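Asker:
Numbering (the numbering used here), first residue to last: 1 to 357.
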């Protein structure tokens, strides 16, 4: 086993602090990755505060991981030492269910092995004796089939958030066939929303940002948005009724789905990727104009690789602020205030500089 520097939340709602974990030497089909950068997802904050329940502590967050292969197992075919790679929101799945066989491992019927706050597998089954630890650490050991290739041309620190924010927004845009000339609205302009704007523009859509905050106008336009509407003014929903073909809703705060559904044309689609609490929904918001309300959860390994290749081909990457690990608790407080454009990314060299090897 390899003693590995990390930062962990020792218990729910406790500040993160230095913590040593053990990573295994790679088995036959595994690779050991030296982590270079790890994005800070808002779900990291939810989970260290145990807001979604069933938290496993001590918890080492982080599922937007970019690094280099340091060692490969004896049977590894896909990777070589020195390859630049990524690890996203999960590190294994059952591989046998219909979802896994169709490349939708995120919907594994037995539950995917999430990158942290979950469990590794023993003989294909989730093993409660083997908790997963994430990317707020200097290395990770992962099965070769759950590793992504990071294409050349994307700055590594800007590639890290693509492993969650990128695929979370790319998957529904691609699945619902967003194309040249489509009228797309993106609700919210945070870590997810800013990627939604960039990806929809790269697909050729006319993109409008819908935000409660007028102060986000300039940021939206700088990202490539074609229009910006302030939803604080209820008249917006009347004036723009039926305007959009597709709405990507990235907001996790409570909001009225019915109002946003009214912005869709006949047969329009609204996809939820944020996770607010229970929201009221009126049947006629869907029935009268034959609209669709649906959801989406990250993507499988093949689709995530497709997304990375798309981003490289279209010069799409996350807008980030790189921080040392020692600033992580402050970064969480800033996230709560919305004080980041648009994703924090940890430079894991700071763990090595923290008195660790």
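Here a beta-carbon is modelled for each residue, glycine too, at the ideal position from N, C-alpha and C. Everything numeric in this text was worked out from a predicted model, so none of it was measured.
(1) If contacts are defined as beta-carbon pairs under 8 Å, then residue 61 and residue 19 qualify, I think. What distance do you get, rounded to the angstrom?
(2) Expressed to the nearest angstrom, what Euclidean distance is found between the alpha-carbon atoms of residue 28 and residue 34?
(3) Below 8 Å CB to CB, which residues in the same chain sit around residue 175 once its five sequence neighbours on both sides are set aside?
(4) Out of 290, 211, 226, state which residue places its alpha-carbon closest to the alpha-carbon of residue 255.
(5) Can you name the start and end residues of the beta strand (DSSP E) that residue 70 belongs to?
(6) To which residues does DSSP link residue 323 through a beta bridge?
(7) For the beta strand (DSSP E) that contains residue 35, what are its first and last residues?
(8) Secondary structure at residue 78, three-state DSSP: helix, strand or coil?
(9) For residue 5, which three-state DSSP category applies?
(10) Using 8 Å for Cβ pairs, my map puts residue 188 next to residue 142. What's the rounded Cβ distance?
(11) Which class does residue 356 belong to by DSSP, given the choice of helix, strand or coil?
(12) Can you give me the start and stop residues for the alpha helix (DSSP H) that residue 228 sits inside?
(13) Specify, as a first and last residue, the run of the alpha helix (DSSP H) that residue 101 falls within.
(14) Check residue 203 in the structure and name its three-state DSSP category.
(15) CB-CB under 7 Å to residue 14, same chain, minus the five flanking residues each way: which ones, in chain order?
(16) Whose CA, out of 23, 177, 234, 209, lies closest to the CA of residue 130?
(17) Name the two residues that bound the continuous alpha helix (DSSP H) containing residue 218.
(18) What would DSSP say about residue 58, mapped onto helix, strand or coil?
(19) Would you mind working out which of 242, 26, 66 sits nearest residue 289, comparing C-alpha positions?
(20) For residue 321 and residue 118, what's the separation of their Cα atoms in angstroms?
(21) May I have a chain-ordered list of the alpha helix (DSSP H) segments no shorter than 4 residues that lie completely inside the stretch 249-320?
Answerer: Looking at the coordinates:
(1) Actually they do not touch by this definition, with Cβ atoms about 11 Å apart.
(2) Distance between the alpha carbons of residue 28 and residue 34: 18 Å.
(3) 296
(4) 211
(5) Here the beta strand (DSSP E) through residue 70 covers 65-72.
(6) 346
(7) 30-40
(8) coil
(9) strand
(10) The pair is not a contact, with the Cβ atoms about 31 Å apart (cut-off 8 Å).
(11) The predicted position of residue 356 is uncertain, since its pLDDT is 47 and thus under 50; no value can be drawn from it.
(12) Where residue 228 is concerned, there is no enclosing alpha helix (DSSP H), although the beta strand (DSSP E) it sits in stretches over 227-230.
(13) Counting along the chain, the alpha helix (DSSP H) containing residue 101 begins and ends at 98-101.
(14) coil
(15) none
(16) 23
(17) 217-222
(18) coil
(19) Shortest Cα-Cα distance from residue 289 to any of 242, 26, 66 involves 242.
(20) 28 Å
(21) With a minimum length of 4 residues, the continuous alpha helix (DSSP H) runs that stay inside the stretch 249-320 are 257-261, 283-287, 301-313.
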